[in-house]
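If you use my numbering, the sequence shown corresponds to residues 58 to 542, in order. By construction, the Cβ of each residue, glycine as well, lies at the ideal position given by its N, Cα and C atoms. Quick caveat, the model's predicted, so the values are computed rather than measured.
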Amino acid sequence: MIKQLNKSTVETVGRPVRILQFGEGNFLRAFVDWQIDIANEKGVMDAGVAVCQPIIDPERKVLGMIDLMHRQDNMYHVYLEGIENKRPKKDVRLVKSIMDSFNPYVDYAKYEAYFLSPELKITISNTTEAGIRYEEGDDLTACPPKSYPAKMTALLYKRFKHFNGDPTKGLCIICCELIENNGSTLHEYVIRHAEYHKLGQDFIDWVENSCHFCDTLVDRIVPGFPREQIGEIREEIGYDDNLVVKAELYHLWAIGGPGYKEVMKELPLDKAGLHVIFMPSIKQFRDKKVRILNGSHTGMVPIALQMGCETVMDAFNTPDIERFVNDMVAEEVIPMIDEDRDELKKFAAGILERFYNPFIKHMLRSISLNSLSKWEARNYPTVRDNWFKAQRLAEREAFTFAALMTLYGPNSGFEPDDTREFVDYIRANWDSADMEATIAKIVKESGIFTVDFSEVPGFIGTVAGYVRDIETLGMKDALKKFLGA
Numbered sequence: 058m059i060k061q062l063n064k065s066t067v068e069t070v071g072r073p074v075r076i077l078q079f080g081e082g083n084f085l086r087a088f089v090d091w092q093i094d095i096a097n098e099k100g101v102m103d104a105g106v107a108v109c110q111p112i113i114d115p116e117r118k119v120l121g122m123i124d125l126m127h128r129q130d131n132m133y134h135v136y137l138e139g140i141e142n143k144r145p146k147k148d149v150r151l152v153k154s155i156m157d158s159f160n161p162y163v164d165y166a167k168y169e170a171y172f173l174s175p176e177l178k179i180t181i182s183n184t185t186e187a188g189i190r191y192e193e194g195d196d197l198t199a200c201p202p203k204s205y206p207a208k209m210t211a212l213l214y215k216r217f218k219h220f221n222g223d224p225t226k227g228l229c230i231i232c233c234e235l236i237e238n239n240g241s242t243l244h245e246y247v248i249r250h251a252e253y254h255k256l257g258q259d260f261i262d263w264v265e266n267s268c269h270f271c272d273t274l275v276d277r278i279v280p281g282f283p284r285e286q287i288g289e290i291r292e293e294i295g296y297d298d299n300l301v302v303k304a305e306l307y308h309l310w311a312i313g314g315p316g317y318k319e320v321m322k323e324l325p326l327d328k329a330g331l332h333v334i335f336m337p338s339i340k341q342f343r344d345k346k347v348r349i350l351n352g353s354h355t356g357m358v359p360i361a362l363q364m365g366c367e368t369v370m371d372a373f374n375t376p377d378i379e380r381f382v383n384d385m386v387a388e389e390v391i392p393m394i395d396e397d398r399d400e401l402k403k404f405a406a407g408i409l410e411r412f413y414n415p416f417i418k419h420m421l422r423s424i425s426l427n428s429l430s431k432w433e434a435r436n437y438p439t440v441r442d443n444w445f446k447a448q449r450l451a452e453r454e455a456f457t458f459a460a461l462m463t464l465y466g467p468n469s470g471f472e473p474d475d476t477r478e479f480v481d482y483i484r485a486n487w488d489s490a491d492m493e494a495t496i497a498k499i500v501k502e503s504g505i506f507t508v509d510f511s512e513v514p515g516f517i518g519t520v521a522g523y524v525r526d527i528e529t530l531g532m533k534d535a536l537k538k539f540l541g542a
């Protein structure tokens with residue numbers, strides 16, 4: 058008999074809320090909260106998590122899974138499957154590390170109470186690449202402010218005032234967003250907000266000296282809710298769980314920054330046997346992982362979607378896509394990373410092998426979330442480095458950007474899950490008769506991107522040419538033309 062999943066059917070342990078988490082999505086629940094649950098079970102931590110929904114739907118005032126989490130008393134299963142030592146392996150865990158979850162737009166008092174709690178030690182966030190943006194003039198008195206950096210500034214200021222600047226009441230602030238220098242960037246924006254709003258030098262000094270902003274690298278493929286298997290999974294686990302998260306077995310969390318030793322004390326996940334590494338700087342780890350794994354995903358998705366693929370496995374079972382991605386990694390990505398070439402090739406082979414995991418149905422549509430900001434963060438650095446380090450144009454990366462433009466354009470029939478005003482801008486300014494002017498306008502005048510694409514000579518014109526091929530020939534034949542097949 059399948060039972061309801063709540064505290065009436067599962068024995069739980071109450072724990073002090075030491076971690077405030079911005080984000081209730083599949084990744085954080087299958088990666089961060091899963092690890093904290095293991096560390097709690099093994100006795101190296103005694104930490105509960107309070108989950109805060111970071112964004113709002115202006116029409117419904119609710120966005121995310123908070124209601125579902127309440128129904129299940131914040132419990133859910135993480136269902137891991139993969140290949141280990143050439144044999145199939147499965148690991149299923151009922152995660153009980155989340156003590157509370159709430160929507161700050163509905164329950165602001167609870168939001169503030171957690172942030173002002175003396176027991177709070179850590180904040181963790183995954184507000185996506187689009188979340189860590191500086192919005193000048195964001196109202197810090199709003200309940201809560203709009204952007205994540207403004208939210209963090211306002212709450213840190215209230216905590217500073219509440220504890221009269223007590224240096225022991227600073228926080229470890231850990232970012233999981235896949236942008237370069239995620240924690241350092243959030244720190245920069247918090248200071249900018251503090252200066253803009255004239256919050257005082259004492260507060261700025263407290264942030265600088267008592268709070269520890271960490272850059273991180275996260276690695277686990279998380280497809281999310283296993284919709285097609287949920288019936289059999291519920292039979293297997295014995296619970297009517299509507300928050301099951303499916304993920305691969307592999308996980309890696311690299312955490313770095315000036316205050317990394319302080320974070321090691323508060324979040325000793327490595328002592329629970331988890332693959333968590335603390336270090337002064339994560340740059341080397343980040344460059345190779347983000348550019349090889351995430352850049353491959355982001356570059357491949359718009360191509361594969363326009364060729365009728367639904368999953369990563371579908372894409373890699375398509376010979377032209379497989380060849381394109383492997384060539385892009387070998388010829389354009391790896392040569393731009395400052396590390397031993399043979400080691401990078403081994404790392405890349407291991408990464409690409411994970412794309413073939415037969416147990417993980419990683420939907421391309423879900424990976425396509427916020428692809429505009431993802432492409433800038435994951436793929437453009439390779440374009441830039443190819444030009445400035447090797448004086449050459451990264452043609453394959455240019456093709457992926459052309460594919461992204463046609464996917465978001467008015468003729469693909471695809472509805473992107475991205476910032477609506479950006480999608481509308483691309484479609485409203487699309488002119489197939491003058492594609493170079495179209496691409497130039499999108500990258501220079503739309504406000505979508507923060508980098509100057511014109512710093513790489515020929516990039517915009519090359520992208521425009523590939524867009525014309527895709528629109529004229531269709532993606533399948535445009536890719537064949539690119540490959541010379």
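Limits of the beta strand (DSSP E) - the one that His269 falls within
269-276
Go ahead and label Ile378 buried or exposed: buried means 16 or more other beta carbons lie within 10 angstroms of its beta carbon, across all protein chains shown.
buried
Would Leu213 pass as a contact of Val247 if the rule is Cβ separation under 8 Å?
The answer is yes: Cβ separation under 8 Å.
In chain order, what are the residue ranges of uninterrupted alpha helix (DSSP H) at least 4 long that sit wholly in the stretch 385-435?
398-411, 421-424, 428-435
What is the DSSP secondary structure of Gly313, counted as helix, strand or coil?
strand
When we look at the beta-carbon of Gly470 and count the other beta-carbons within 10 Å, is it buried (16 or more) or exposed?
exposed
Any C-beta of chain C under 8 Å from that of Ala387:
Reference to chain C is not applicable here, since this structure consists of a single protein chain.
Excluding the 5 residues preceding and the 5 following Thr69 in the sequence, name in chain order all residues of the same chain whose CB lies nearer than 6 Å to its CB.
Lys153
Exposure of Arg216, with buried meaning 16 or more beta-carbon neighbours within 10 Å:
Buried: at least 16 other Cβ atoms inside 10 Å.
Between Lys304 and Leu137, is the Cβ-Cβ spacing less than 8 Å?
Per the sequence shown, the amino acid found at residue 304 is Ala instead of Lys. At the C-beta level, Ala304 and Leu137 come within 8 Å of one another.
State the start and end residues of the unbroken beta strand (DSSP E) segment that holds Gly105.
105-109
Where the alpha helix (DSSP H) through Gly288 begins and ends
Run containing Gly288: 287-294, per the alpha helix (DSSP H) assignment.
By DSSP's criteria, Ile334 is part of a beta bridge. Which residues make up the other side?
Ala311
For the beta strand (DSSP E) holding Val101, just list the boundary residues, first then last.
Premise fails: Val101 is in no beta strand (DSSP E) and is neither H nor E.
With Asn436 and Gly352 assumed to form a contact (beta carbons below 8 Å), what rounded beta-carbon distance in angstroms separates them?
5 Å
Under the assumption that Thr242 contacts Leu77 (Cβ atoms under 8 Å), give the Cβ distance between them as a whole number of angstroms.
About 19 Å separates the two Cβ atoms, so there is no contact after all.
Under the three-state DSSP convention, the category Asp94 falls into
helix
Of the choices Gly105, Asn221, Cys232, whose alpha-carbon is the least far from that of Tyr205?
Cys232
Since I believe Val74 is in contact with Tyr133 (beta carbons under 8 Å), could you give me their beta-carbon distance rounded to a whole number of angstroms?
Not confirmed; about 18 Å, so no contact.
Taking its Cβ as the centre, do 16 or more other Cβ atoms sit within 10 Å of Gly188, making it buried, or is it exposed?
buried
At the level of alpha carbons, what is the spacing between Ala485 and Met209?
35 Å
Give a yes or no on whether the C-beta atoms belonging to Gly288 and Asn83 are separated by under 8 Å.
no
Three or more C-beta pairs under 8 Å: does that hold for the stretch 148-168 against the stretch 90-100?
yes
Can you check which of these residues, Gly407, Asp344, Gln110, is closest to Asn238 by C-alpha distance?
Asp344
Which residue wins for smallest C-alpha separation from Pro438, given the options Leu464, Glu389, Ile505?
Among Leu464, Glu389, Ile505, the Cα nearest to that of Pro438 belongs to Glu389.
Identify whether Val67 lies in helix, strand or coil by the three-state DSSP scheme.
coil
Would you mind sorting Lys118 into buried or exposed? The rule is 16 or more other CB atoms within 10 Å of its CB.
Residue placement at Lys118 cannot be trusted, given a pLDDT of 47 that sits under 50; what the coordinates show is reported in the next sentence. Lys118 is exposed by the Cβ-count criterion.
Candidates Tyr168, Val275, Pro473: which alpha carbon is nearest Ile426's?
The question names Ile, yet the displayed sequence has Leu at residue 426. The shortest Cα separation from Leu426 among Tyr168, Val275, Pro473 belongs to Pro473.
Does the separation of the CB atoms of Ile278 and Arg441 fall below 8 Å?
no
Could you give the distance in angstroms between the alpha-carbon of Lys60 and the alpha-carbon of His419?
Between Lys60 and His419, the C-alpha separation is close to 28 Å.
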